[in-house]
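Trainee:
Residue numbers (this note's numbering), protein chains in the order written: chain A, 8 to 159; chain B, 3 to 147.
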């Protein structure tokens, strides 16, 4: 009788131990899945915010380049007195634009490529290069025009 | 055993919730902050209007200047609301000389754009002296179409 009781007790304890191990295994698998998806999600978020930040930085650089061109770099100037000159911002001509050194601008802003052109006020045609563009409204040779600055 | 199961479930639910919320932030599109660019564009419109003798035309009552400004903004994909305040503090005296007196002529004109209004707007105000004693206060609001 005692032997039978011992056998029942032994079987129950073995069963309980096995159930615990199975639960643990399931939990480990689930936790691993959660960890995997969690880490993947975090990596995705990181990549996404990194790309977004890089795009914003590029946009700001092009914005700065366009602002410089419209206010100083490519505008008409006139010498008034010795050493002092009047700057006519937003007023561009072919001659004033010819003074712009694109390569210097590109190097200063650490851009791979810079593209500057003029379009009619009605709008610009699509540009082939994959880049971010900024349009500024200016007076080119006295007419309302758009100065387009693109970069990547 | 039951208590352990409960804590496992709560941790599991929390993890699922965190993953769900994180996924939502991935789905959110990344917008470029273009507010500075929009502000510059608005100032460009005002600037070229001033340089194209727009103020003289406005002083002479030619409001087509406003329509031209709105058209330029529209071509760039924006809507433009203009409010003009014309303040004239000069009245000629008997000797046809212009003197500034305390009387003020004040006219406010609003030229709303025909677009649907949006929340994100950029605005600027310019106070421009026109003729003797005449001041034009131009308030412009611009937003994406």
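For each residue, glycine too, the CB sits at the ideal point set by N, CA and C. Fair warning: this is a prediction, and the values are worked out from it, not measured in the lab.
Determine the burial state of residue 103(B): buried for a count of at least 16 other Cβ atoms within 10 Å of its Cβ, exposed for fewer.
Mentor: Residue placement at residue 103(B) cannot be trusted, given a pLDDT of 49 that sits under 50; the coordinates are not used to answer.
Trainee: Applying the criterion that 16 or more other CB atoms from any shown protein chain within 10 Å of the CB defines a buried residue, is residue 26(A) buried or exposed?
Mentor: Exposed, by the Cβ-count rule.
Trainee: Use the C-beta contact count for residue 53(A): other C-beta atoms within 10 angstroms, 16 or more gives buried, fewer gives exposed.
Mentor: Classification for residue 53(A): exposed.
Trainee: So, does the segment 44-55 of chain B touch the segment 137-147 of chain A, judging by three or more C-beta pairs under 8 Å?
Mentor: Taking 8 Å as the limit for Cβ pairs, the verdict is that the segment 137-147 of chain A does touch the segment 44-55 of chain B.
Trainee: Looking at the structure shown, is residue 120(B) part of a helix, part of a strand, or coil, going by DSSP?
Mentor: In this structure, residue 120(B) counts as coil in the three-state DSSP scheme.
Trainee: With 9 Å set as the bound, which would you pick, yes or no: does the beta-carbon of residue 123(B) sit closer than that to a beta-carbon of chain A?
Mentor: Answer no: the Cβ-Cβ gap between residue 123(B) and chain A never drops below 9 Å.
Trainee: By the criterion of Cβ-Cβ separation under 7 Å, what are the contact partners of residue 66(A) in chain B?
Mentor: Those within 7 Å of residue 66(A) in chain B are 34.
Trainee: Using a Cβ-Cβ cut-off of 6 Å (strictly less than) and excluding sequence neighbours within five positions of residue 122(A), which residues of its own chain qualify?
Mentor: Cβ neighbours of residue 122(A) beyond the five flanking positions: 157.
Trainee: Kindly indicate the opening and closing residues of the beta strand (DSSP E) around residue 142(B).
Mentor: Its beta strand (DSSP E) spans residues 136-146.
Trainee: Would you kindly work out how many angstroms separate the C-alpha atoms of residue 36(A) and residue 131(A), rounded to a whole number?
Mentor: Distance between the alpha carbons of residue 36(A) and residue 131(A): 57 Å.
Trainee: Tell me the rounded alpha-carbon separation between residue 159(A) and residue 76(B).
Mentor: Each residue's alpha carbon lies about 27 Å from the other.
Trainee: From the beta carbon of residue 113(B), is the nearest beta carbon of chain A less than 9 Å away?
Mentor: Cβ-Cβ to chain A under 9 Å: no for residue 113(B).
Trainee: So which of 133(B), 124(B), 135(B), 58(B) has the shortest CA-CA distance to residue 141(B)?
Mentor: Residue 141(B) has its Cα closest to that of 124(B), out of 133(B), 124(B), 135(B), 58(B).
Trainee: Determine, for residue 110(A), whether the minimum Cβ-Cβ distance to residues of chain B falls below 9 Å.
Mentor: No - not a single Cβ of chain B is within 9 Å of the one on residue 110(A).
Trainee: Can you pull out the residues from the segment 68-79 of chain B whose beta carbon lies closer than 8 Å to at least one beta carbon of chain A?
Mentor: Within the segment 68-79 of chain B, the residues whose Cβ lies closer than 8 Å to some Cβ of chain A are 74, 77, 78, listed in chain order.
Trainee: CB residue 48(A) to CB residue 21(B), shorter than 9 Å?
Mentor: For residue 48(A) and residue 21(B), yes; Cβs fall inside 9 Å.
Trainee: Under 9 Å Cβ-Cβ, which residues of chain A neighbour residue 147(B)?
Mentor: Simply none; closest approach about 13 Å.
Trainee: I'd like the span of the alpha helix (DSSP H) that includes residue 64(B), first residue to last.
Mentor: Residue 64(B) -> no alpha helix (DSSP H), and no H or E assigned at all.
Trainee: Would you identify the three-state DSSP class for residue 103(B), choosing helix, strand or coil?
Mentor: With a pLDDT of 49 at residue 103(B), under the threshold of 50, the modelled position of that residue is not reliable, and no figure is offered here.
Trainee: Using the C-alpha atoms, what's the distance from residue 120(A) back to residue 69(A)?
Mentor: Looking at the two C-alpha atoms, the distance is approximately 11 Å.
Trainee: Cα separation between residue 56(A) and residue 140(A)?
Mentor: So the two alpha carbons sit approximately 21 Å from each other.
Trainee: Using a cut-off of 8 Å between C-beta atoms, extract the partners of residue 46(B) located in chain A.
Mentor: Per Cβ cutoff of 8 Å: 77, 97, 143, 144, 145.
Trainee: When burial is assigned at 16 or more other CB atoms within 10 Å of the CB, is residue 39(B) buried or exposed?
Mentor: Buried is the call here.
Trainee: Compare the C-beta of residue 74(A) with all C-beta atoms of chain B and state if any pair is closer than 9 Å.
Mentor: Yes, residue 74(A) lies at the interface with chain B (some Cβ there is under 9 Å from its Cβ).
Trainee: By the 9 Å beta-carbon criterion, what residues does the segment 36-57 of chain A contribute toward chain B?
Mentor: Residues 37, 38, 41, 42, 44, 45, 48, 49, 51, 52, 55, 56.
Trainee: If you measure from the beta carbon of residue 129(A) to each beta carbon in chain B, is any gap under 9 Å?
Mentor: It does: the Cβ of residue 129(A) has a partner Cβ on chain B nearer than 9 Å.
Trainee: Which of the three DSSP states, helix, strand or coil, is assigned to residue 75(A)?
Mentor: Correct three-state label for residue 75(A): helix.
Trainee: Can a CB atom of chain B be found closer than 9 Å to the CB of residue 133(A)?
Mentor: No, its Cβ sits nowhere closer than 9 Å to a Cβ of chain B.
Trainee: What's the call for residue 40(A), buried or exposed, on a 16-neighbour Cβ count within 10 Å?
Mentor: Under this definition residue 40(A) is an exposed residue.
Trainee: Could you tell me if residue 142(A) is buried or exposed, where buried requires 16 or more neighbouring beta carbons within 10 angstroms of its beta carbon?
Mentor: Residue 142(A) should be labelled buried.
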